[in-house]
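**Student:**
There are 2 protein chains.
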Amino acid sequence: MHLYFSNAKRLTPIACWYNLSMTNAPFTYELLATDATTGARAGVFHTPHGDIPTPMFMPVGTQATVKALDPDDLHAMPAPVILSNTYHLALRPGPEVIAQAGGLHRFMAWDGAILTDSGGFQVFSLGPQRTVDDDGVTFRSLHDGSIHRFTPERVIEIEEMLGADIIMPLDECLALPATADDLRRALDRTHRWLERAVAAKRRPDQALFGIVQGGTDPALRREGARFVGSLGLPGVALGGLSVGEDKPSMYATVATTTPHCPADRPRYLMGVGSPEDLWECVARGIDLFDCVLPARVARHGGLYTPAGRVSIKGAKWRDHHAPLDPTCDCATCRRFTAAYLHHLHRVGELLWHRLATTHNLHFILRQMRVMRAAILDGTFADKLGAFREAYRPASTERAAAQRAKFAQQRGG
Amino acid sequence: MHLYFSNAKRLTPIACWYNLSMTNAPFTYELLATDATTGARAGVFHTPHGDIPTPMFMPVGTQATVKALDPDDLHAMPAPVILSNTYHLALRPGPEVIAQAGGLHRFMAWDGAILTDSGGFQVFSLGPQRTVDDDGVTFRSLHDGSIHRFTPERVIEIEEMLGADIIMPLDECLALPATADDLRRALDRTHRWLERAVAAKRRPDQALFGIVQGGTDPALRREGARFVGSLGLPGVALGGLSVGEDKPSMYATVATTTPHCPADRPRYLMGVGSPEDLWECVARGIDLFDCVLPARVARHGGLYTPAGRVSIKGAKWRDHHAPLDPTCDCATCRRFTAAYLHHLHRVGELLWHRLATTHNLHFILRQMRVMRAAILDGTFADKLGAFREAYRPASTERAAAQRAKFAQQRGG
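Chains A and B supply the protein sequences, listed in that same order. Counting from 1 along the first sequence, just add 42 to a position and that's the residue number in our numbering. Counting from 1 along the second sequence, just add 42 to a position and that's the residue number in our numbering.
Here you go:
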């Protein structure tokens, strides 16, 4: 896509809102098929910036850019929707700059759909750098030490300035394990904050999703799902997972939660995940995902293949003059050999990041397309079995070590 | 361009040579126009990988990649020819790997023309890490401390394995200022090495250029130009400039050398340069250039405009919601605002490098097209005057400071 700029015309925040699609476009979700033997669903979520076939994975563009990629790279995959980050954008460049630009779509020249998270996850990850009370959360900027305050209302105000299609409310996201008391308090606070977010929201061209918290406690999750469902919001998100619990607990929590979510709304599992997580959670009724993992794995030399993740650092790739994955039709594998990728990574070239991120995101998005087609033609259970058979996940221990290593960078 | 790989077919070095264009394609140069009042020339240099309109600038892809760009980005500019680096490729990944890949074009998936320099400049920049004798030069790898030996024959052998269209012989490149004795010795050695390179060369689908040394001494330069011209090679290069001398001396040296070069061969000024250097040296009869400057300037936040170089770090760009240069039709300015570029640079995003390098190389290549059109329509002197009027070069002091700062990174 190409935006041609008229000569330096500056849009005010108000003008920009009405320049966006102010068609009262409904954020409708069409459920097209439900798998007979699992909870997997296929559908379409309509947004003012295009339709999102579900199940779908959203590449993460934390700072208004999916790392190393431009909008054409994303369209080529294709990626119909990306995620960006309210916390990061609120600090740099600041919501006023993006509003003046005409909103996030214009600022980053992306005409597909965008979801902005609330920043809750990042703020609660700050630890001693933040204090939380019933009204909101106060935190110190890692960049310049300045003090900031997020309340449910302020987060909505920022997200309305950013102008994403789907916006998330401020929630309290606990690391796991957490005490029953803490989980209870966080659930209640998340619900009060959601009510305040709903009351504060003004733009009709944005869809506010509700977030279900509750750790791995089935009763709390059920209560959360029912509360969020009762508000009639256009989507339901599962937050507070992939935050320290093991994979079986995460899968079990998803499985006990989705049956209590409205069937006619998309369900979004926040911050997940790996290829195996995507398959297992689609099987348990999830429609939308986001995760920094494909880009982060790429930065560390990891590339996805149908058999599992490989490291391009391996000496065997040095003279492998063929695509890494001969079955892959991504812009990287169509043009470049594994030997070239090995070389780029070894010598620390910038192009590595783009080619590797392109491959990994394309791999993940292709998994989503395979799942969706299988749900529609009634073969999802078979395809899930075949995936489990063929794909060797990174070992639990290795995954745990990586989680610890990446912990302080989360949200980046 | 897209190369589709057949299933993992491996090519041997010999097979690959004959898979390239073995049409005995002559490397002919057509001189189309010579400016009436300056030494500027317009022409076409024909290669097995496409025609190169001259004057032309070659983006530098030191390690088999133009930093942050893929082949499509280069074709979009368009860049008909790029430079890569024998010294760097000899060490990593090694010429055998590239020969097995089917040559450098295939390895990096680039179907345009390629020039490989000889590595002489890099080796002589190593200082105490190398020892030179009449037969060649021995140096220690910066990567693993291993000892390597470059002779004129070995360099040609490596370059034949790499398979670029235009190849350069090993030469002795001195930093300036240098003594008259050193300049004399280096000139003679460069000539003996050139004769050995000519004798060693086997592939008919590669053009070997000769290199003229001689510092800023007009007599030595004249002698060098005449010697190289006497060998009937398809091109003549001016080496050993932009290595410490001031700009007036460089311009004067170019002006005293080109009249002694054969008129029917392209003249290539190695390692130059800035926008003002390109204009001034085209005016003095140069046809080909290469330089890492546009990419390096980009990495440090610098972007070219018709009025001079600007730093995207400036606060004034923070809310400049229009292209940096409204007259620029590059893939960056067509899509992204200066405010977005400012943001990307400020937060250290990878996409900055690609967008900034794209803009700077496009700017330089556009200058070359403007010059060529002006030579062809007889308005070059006017356009040169207009450029000098409009473009404010980075100050001499600033340029000197940057040269010192970048000195140890040279060739990167």
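Glycine included, every Cβ here is placed at the ideal spot set by N, Cα and C.
Which residue from A/Trp235, A/Ala151, A/Glu214, A/Ala305 puts its Cα closest to that of A/Ala82?
**Tutor:** The shortest Cα separation from A/Ala82 among A/Trp235, A/Ala151, A/Glu214, A/Ala305 belongs to A/Ala305.
**Student:** If you count every other CB in all the chains shown that lies within 10 Å of the CB of B/Thr369, and 16 or more means buried, which is it?
**Tutor:** Flag for B/Thr369 reads exposed.
**Student:** Kindly provide the ranges of any alpha helix (DSSP H) runs that are 4 or more residues long and lie completely inside the segment 126-163 of chain A, ordered along the chain.
**Tutor:** Entirely contained in the segment 126-163 of chain A, the alpha helix (DSSP H) runs reaching 4 residues are, in chain order, 128-133, 137-143, 146-149.
**Student:** Can you tell me the Cα-Cα spacing of A/Ser188 and B/Ala423, whole angstroms?
**Tutor:** Rounded to the nearest angstrom, the two C-alpha atoms are 55 angstroms apart.
**Student:** Should A/Gln248 go down as buried or exposed, given a rule of 16 or more other Cβ atoms within 10 Å for buried?
**Tutor:** With 16 or more Cβ atoms within 10 Å of its Cβ, A/Gln248 is classed as buried.
**Student:** Counting contacts by CB-CB distance shorter than 9 angstroms, is B/Pro95 in contact with chain A?
**Tutor:** False, the Cβ-Cβ gap to chain A never drops below 9 angstroms.
**Student:** Which residues in chain A sit within 7 angstroms of B/Tyr382, going by Cβ to Cβ distance?
**Tutor:** Result: Phe149, Met150.
**Student:** For B/Tyr433, which three-state DSSP category applies?
**Tutor:** If DSSP states are grouped into helix, strand and coil, B/Tyr433 belongs with coil.
**Student:** Looking only at its own chain, which residues have a Cβ that is under 8 angstroms from the Cβ of B/Ser63, when we skip the five neighbours before and after it?
**Tutor:** Because the pLDDT at B/Ser63 is just 39, under 50, the model does not fix this residue reliably, and the value given afterwards should be weighed accordingly. Hits under 8 angstroms: Pro90, His91, Asp247.
**Student:** Please list, in chain order, the chain B residues whose beta carbon lies closer than 7 angstroms to that of A/Val389.
**Tutor:** Within chain B, the residues near A/Val389 are Gln105, Arg134.
**Student:** Which residues, in order along the segment 312-341 of chain B, keep a beta-carbon less than 8 angstroms from a beta-carbon of chain A?
**Tutor:** The segment 312-341 of chain B vs chain A, Cβ under 8 angstroms: nothing.
**Student:** Taking DSSP as the reference, what is the three-state secondary structure of A/Ala110?
**Tutor:** Coil, per DSSP.
**Student:** Run down chain A in chain order and give the residues with a C-beta less than 7 angstroms from the C-beta of B/Gln142.
**Tutor:** Neighbours of B/Gln142 on chain A, chain order: Asp361, His363.
**Student:** In the DSSP assignment, find the unbroken alpha helix (DSSP H) run with B/Gly266 in it and report its ends.
**Tutor:** Where B/Gly266 is concerned, the enclosing alpha helix (DSSP H) stretches over 260-272.
**Student:** Throw me the rounded Cβ distance for the B/Leu366 and B/Leu383 pair, which I believe falls under 8 angstroms.
**Tutor:** 6 angstroms between Cβ atoms; contact.
**Student:** What separation, rounded to the nearest whole angstrom, lies between the Cα atoms of B/Thr258 and B/Glu138?
**Tutor:** About 38 angstroms.
**Student:** Which residues mark the beginning and the end of the alpha helix (DSSP H) in which A/Leu397 is found?
**Tutor:** Per DSSP, A/Leu397 belongs to the alpha helix (DSSP H) from 392-418.
**Student:** Is the Cβ-Cβ distance between A/Asp112 and B/Arg396 less than 9 angstroms?
**Tutor:** Going by C-beta atoms, A/Asp112 is nearer than 9 angstroms to B/Arg396.
**Student:** Among residues of its own chain, excluding the 5 on either side of A/His404, which ones have a beta-carbon nearer than 6 angstroms to its beta-carbon?
**Tutor:** Met119, Cys372.
**Student:** Is it buried or exposed for B/Cys58, if we count other Cβ within 10 angstroms and need 16 for buried?
**Tutor:** In this prediction, B/Cys58 scores a pLDDT of 37, lower than 50, which makes its location untrustworthy; the coordinate-derived value is nonetheless stated afterwards. Looking at its Cβ environment, which holds 16 or more other Cβ atoms inside 10 Å, B/Cys58 is buried.
**Student:** Could you check the C-alpha separation between A/Gly85 and A/Gly271 for me, to the nearest Å?
**Tutor:** Going by the C-alpha atoms only, they are around 18 angstroms apart.
**Student:** Quick one: is B/Glu72 buried, meaning 16 or more other Cβ sit within 10 Å of its Cβ, or exposed?
**Tutor:** B/Glu72 should be labelled exposed.
**Student:** Spell out a yes or no on whether the segment 285-304 of chain B and the segment 222-229 of chain B are touching, meaning 3 or more CB-CB pairs, one atom from each, closer than 8 angstroms.
**Tutor:** Because the criterion of three Cβ pairs below 8 angstroms is not met, the segment 285-304 of chain B and the segment 222-229 of chain B do not touch.
**Student:** Is it right to say A/Met43 is buried, meaning 16 or more other beta carbons lie within 10 angstroms of its own, or is it exposed?
**Tutor:** Residue confidence is low: A/Met43 scores 33 on pLDDT, short of 50, so the model does not pin down where it sits. Its coordinate-derived value is still stated next. Exposed, by the Cβ-count rule.
**Student:** Give me the residue from A/Gly103, A/Lys109, A/Thr70 with the minimum Cα distance to A/Arg341.
**Tutor:** Taking only the C-alpha atoms, the option nearest A/Arg341 is A/Lys109.
**Student:** Can you confirm whether B/Cys102, when its beta carbon is compared against all beta carbons of chain A, has any partner nearer than 9 angstroms?
**Tutor:** In the sequence as presented, Cys is not what sits at residue 102 of chain B; that position holds Val. Chain A, which has no Cβ nearer than 9 angstroms to the Cβ of B/Val102, makes this no.
**Student:** Go to A/Ser353, then tell me how far its beta strand (DSSP E) extends in each direction, as first and last residue.
**Tutor:** Per DSSP, A/Ser353 belongs to the beta strand (DSSP E) from 350-353.
**Student:** So with CB distances below 8 angstroms, who are the chain B contacts of A/Lys109?
**Tutor:** What A/Lys109 touches in chain B: Glu391, Leu392, Leu393.
**Student:** Given B/Arg182, which residues of its chain have a CB within under 8 angstroms of its CB, disregarding the five upstream and five downstream residues?
**Tutor:** If we look at B/Arg182 and ignore the five residues flanking it on each side, its Cβ neighbours are Leu168, Gln171, Arg172, Ser188, Ile189, His190.
**Student:** Determine, using beta carbons only, whether A/Phe405 comes closer than 9 angstroms to chain B.
**Tutor:** False, the Cβ-Cβ gap to chain B never drops below 9 angstroms.
**Student:** Does the beta-carbon of B/Thr243 have 16 or more other beta-carbons within 10 angstroms, so that it is buried, or is it exposed?
**Tutor:** Before going further, note that residue 243 of chain B is Lys rather than Thr in the sequence given. Burial call: buried.
**Student:** Spatial neighbours of A/Arg238 within its chain, please: C-beta separation below 7 angstroms, excluding the five flanking residues on both sides.
**Tutor:** Excluding positions up to five away in sequence, the list reads Pro194, Glu195.
**Student:** Return helix, strand or coil for A/Ser63, following the three-state DSSP convention.
**Tutor:** Low local confidence applies: a pLDDT of 39 at A/Ser63 is under 50, so the model's placement there is unreliable, and no value is given.
**Student:** If A/His363 sits next to B/Ala261, beta carbons under 8 angstroms apart, how far is it from one beta carbon to the other, in whole angstroms?
**Tutor:** The pair is not a contact, with the Cβ atoms about 50 angstroms apart (cut-off 8 angstroms).
**Student:** Residue range of the beta strand (DSSP E) that A/Val278 falls in?
**Tutor:** Where A/Val278 is concerned, the enclosing beta strand (DSSP E) stretches over 278-280.
**Student:** Just the C-alpha distance for A/Gly274 and A/Val240, rounded to the nearest angstrom, thanks.
**Tutor:** Their backbone Cα atoms lie some 11 angstroms apart in a straight line.
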